[in-house]
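What follows is one structure encoded as structure tokens, with my remarks underneath.
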Amino acid sequence: MQRYLFNVIKNLKLRWKMVVLVLPLVIIPIFLVGGIIGYISTKQAYLGITQTSKDDLQHMASFTVDLLNSHYQQFQVYKQDKEKTFHEELKTVSELAYNVVKSQANLQKSGRMDLATAMREARNALLKVNVGKTGYIYAMNSRGELKVHVAQEGTNVSESRDETGRYFIKEMIEKAHRAKPGEVLYIVYPWKNAALGDKSLRKKVVAYRYFKEWDWIIAAGGYLEETYEDLAFERRSFEALKEKIKSKKVGKTGYIYAMDSSGNFMIHPTGEGKNFLNAQDSNGQHFIKEMCERKNGWIRYPWKNKGDEAPRMKIVRYEYFEPWNWIVAVGSYEEEFYQEANAIKGRILESMVVLTILVSVLSVFMVLLASRVMTEPISRMIEVIRKVKQGRLDETMPVESEDELGELAHAFNRMTRIIKHNKELEANLAQQGKMASLGVLSSGVAHEINNPLGVILGYAAYIEKKLTPEDPNYKFIHEIKRESKRCKKIVQDLLSYARTPQPVLEETDINDLLEQIVDFAANHTDMHHVTVKKSFDRSLPPIMVDGDQLRQVAINLILNAGAAMQKGGELVVSTEPGGEEWVSLKFRDNGAGISPEHMEKIFEPFFTTKVKGTGLGLAITRQIVEQHHGKIGIESEMGVGTTVEVRLPLQREEYC
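The opening residue of the sequence shown carries number 1 in the UniProt record's numbering; numbering runs sequentially from there.
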């Protein structure tokens, strides 16, 4: 499988190789980074939301405790004031009762009545005094026998205990015996009087003094709550407070509740007044009992409400309210507790997926773009290589950068130039061989033809002198002479083309050379109808050329331009830089122009459009330019004119 995959990749185009190999290196890290960031973000969101939610539960529990404490403190101050006043009132009543008993004892001492009468009178007086709504005065001796009491007179109550189990009667007797003379003592104890229909404990306050002469402990007692002026208002305030607490929602279905340390629900939306100490969660754990024992902390337990298909985990924060021995709890289901965290998790995952997909798409686009940028120059190079392979050596690779590909393009272009030059050298060598053969042939032909032509020209000239222009034969003799000269010139041009010597290079100011040639050619009989203008760049440096051969090139081009402008025209001869490596010579006329079908054959030997031309002028011109390692080109448009450009190198490049 691995080998097959390797072969598939190996046979792909370079661009798709880059996509297949590079794209996974980009996409996989993006998915990994996206996944890691999403995981960390989700965890952080859970931690943040969890801590925030716990802080909310903590805050609500503390706030509820503060509400209860505020209510407690508000009415506690009022009760303390009332209790202090009640103490003073009981003290006054107890001292009044003490003085009543004392006055009766004084009457008994003075002999005005006996002891039994004095005690009876004192009893009757004390029974007439009421303390509050249900309070009263009573008296007992040191053995706990009630001497004065509204209901239990004669009963021994020394073993009586309050609702907390304290022997409050014995405590009163002991303190009375240790009291200082005239000292009023107090005792407070919880008491529920069934005879009065009490359903709950009430706080009872008793002020008492010890009358030693009769061994009486004279006490005035009453219930503290009977002194409160607006007990109903406190109850209404507490009920309003409970409703406020019960109406406070925690999350979607959570709530606040309160219970005492025995598990009695004091505040609850549905279970108020009930005892849930033995309630169990779905795992059988007594969670209420645990809360009552610990009184403060956090607890988690599974709980199934009616309508729930399965138990749900509940989390509760509870705090202890000491003044009332209450446990205040704030609870919420964890699924609601983490609802916001789950929502944030979903949004984070959604964002990360979308962002990862977008970045991946962008990465695919960038990789494709990068592969295109990297492979397009190579594709263009391959196209050029294919063309060069077909023999089109003029094709060059575009150099668009200075990197390795640019360096490769430079090297390839130089290589094609060398190959082209070598092919040209081969062609030149072949041509030189042909020219050598042609030269030998031309020499023989010239020798064999020139002699008869000389004889013909000699006799034609002799006859021409013997005849007058009016003679009918004069015209024929003149044509013989003229055509013989033309034959001689053709032979001479043929010799020149076949035996063009190698240039003798000398440092030459091309502008001065052209100026001499233009001045000479302008006076030629074939150029009288043409205006010749010069436009030379005087900043051109001297170059190495053969002046005589360039003179022949320039004259050929100037005379050709003159021949193309039979009805007159303008010829501009100019020089200018041809880049950093060349000097450009231009010959621009506004003559008839050259037709497109003749452009490809214009430099071929013996090709001419002139009636009397040999077709060797431009062939010799190109031969001379190429021997100077230069280039010649022609641009022409019918009816507009022709421009011939000769480019000569500033520095001759030697090819190896």
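Backbone N, C-alpha and C define an ideal beta-carbon position, used for all residues, glycine too.
As the structure is a prediction and not an experimental result, all values here were calculated from the model.
Contact set for residue i: own chain, Cβ-Cβ below 6 Å, skip 5 residues either direction
| i | result |
| --- | --- |
| residue 668 | Residue 668 falls outside the range modelled here, since the chain spans only 1 to 656, and no answer is possible. |
| R209 | S94, Y98, V184 and I218 |
| I456 | S484 |
| E153 | L146 |
| V65 | E319, F321 and V328 |
| V129 | I137 |
| D509 | P542 |
DSSP three-state assignment for residue i, whether helix, strand or coil
| i | result |
| --- | --- |
| N141 | coil |
| F587 | strand |
| E645 | strand |
| A554 | helix |
| G297 | strand |
| R414 | helix |
| Y392 | Here residue 392 turns out to be Arg, not Tyr, going by the sequence shown. Here R392 sits in coil by DSSP. |
| L185 | strand |
| P577 | strand |
| T134 | coil |
| T164 | coil |
| L616 | coil |
| G639 | coil |
| S94 | helix |
| E229 | At E229 the pLDDT is 49, less than 50, meaning the model places this residue with poor confidence; the figure from the coordinates comes in the next sentence. Coil, per DSSP. |
| I594 | coil |
| L540 | coil |
| L67 | helix |
| I634 | strand |
| V100 | helix |
| K387 | helix |
| V250 | strand |
| T155 | coil |
| G454 | helix |
| L513 | helix |
| E507 | strand |
Same chain, Cβ closer than 7 Å to residue i, neighbours up to 5 away in sequence not counted
| i | result |
| --- | --- |
| V572 | K533, S535 and R588 |
| E229 | Annotation note: pLDDT 49 at E229 (below 50); position unreliable, coordinate value reported separately. Closer than 7 Å at the Cβ level, and outside the excluded window around E229, lies no residue. |
| I555 | I517 and A521 |
| N413 | T396 and M397 |
| V150 | L127 and Y136 |
| L115 | Q108 |
| K252 | E336 |
| S360 | I27 and I30 |
| V504 | D546 |
| I419 | L393 |
Assigned exposure category for residue i - 16 Cβ within 10 Å defines buried
| i | result |
| --- | --- |
| D546 | buried |
| M638 | exposed |
| L369 | exposed |
| K109 | exposed |
| Q80 | exposed |
| G458 | exposed |
| G135 | buried |
| S539 | exposed |
| I169 | buried |
| M172 | buried |
| G630 | buried |
| K43 | exposed |
| G254 | buried |
| R410 | Reading off the sequence, residue 410 comes out as His, not Arg. Classification for H410: exposed. |
| H628 | buried |
| S351 | exposed |
| T356 | buried |
| Y301 | buried |
| I378 | exposed |
Cut-off 8 Å between Cβ atoms - residues of its own chain near residue i, not counting five sequence neighbours on either side
| i | result |
| --- | --- |
| T468 | Y474 |
| N69 | F321 and P323 |
| S636 | G593, I594, M599, T642 and T643 |
| D526 | L559, G562 and A563 |
Beta carbon proximity, residue i to chain C, threshold 8 Å
| i | result |
| --- | --- |
| L540 | Absent from the structure is chain C; it holds one protein chain and no more. |
Three or more C-beta pairs under 8 Å: does that hold for the segment 466-480 against the segment 585-602? Contact check between the segment 466-480 and the segment 585-602: fewer than three CB pairs, one atom from each, fall below 8 Å, which does not count as touching.
For the segment 201-227, which segments carrying the beta strand (DSSP E) assignment without a break, of at least 3 residues, lie completely within its bounds, in sequence order? Correct list: 202-211 and 216-223.
Which whole runs of the alpha helix (DSSP H) in the segment 252-298 are 4 residues long or more, in chain order? Here the runs fully enclosed are 287-294.
Any contact of the segment 638-652 with the segment 573-585, i.e. 3+ C-beta pairs under 8 Å? Yes: the two stretches touch, three or more of their Cβ pairs being nearer than 8 Å.
Every unbroken beta strand (DSSP E) within the segment 300-379, with a cutoff of 3 residues, ordered by chain: DSSP runs (the beta strand (DSSP E)) wholly in the segment 300-379: 312-321 and 326-333.
Does the segment 251-262 come close enough to the segment 276-292 that 3 or more CB-CB pairs lie under 8 Å? Yes, the segment 276-292 touches the segment 251-262.
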